[in-house]
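In the working numbering, the protein residues as written are 5 to 73.
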């Protein structure tokens, strides 16, 4: 799942660069996971933020002028 998320970030950033659209940086990957499968794991927050970032990036690419909301 992480590799697919990284690839999605890279693809959207490449599309934005090609279109001359400035995007916010994608969310950083967590560095504090304890690996115990906690409810509310930092990875859950990361993937939620990643989904939002991708939706925001796609919206910016679809808008004339390409500015994120």
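From the three backbone atoms N, C-alpha and C, an ideal C-beta is built for every residue, glycine too.
Does DSSP put residue i in a helix, in a strand, or in coil?
i          : result
residue 2  : Outside the shown range of the chain (5 to 73) lies residue 2, about which nothing can therefore be said.
residue 48 : helix
residue 23 : helix
residue 10 : helix
residue 17 : helix
residue 63 : helix
For the putative contact between residue i and residue j, defined by C-beta atoms under 8 Å, what is the C-beta separation to the nearest angstrom?
i          : j          : result
residue 57 : residue 34 : 14 Å between Cβ atoms; not a contact.
residue 61 : residue 16 : 4 Å
Distance check for residue j and residue i, CA to CA, integer angstroms please.
i          : j          : result
residue 25 : residue 65 : 7 Å
residue 82 : residue 27 : Coverage of the chain is limited to positions 5 through 73, which leaves residue 82 absent and any answer about it impossible.
residue 49 : residue 19 : 25 Å
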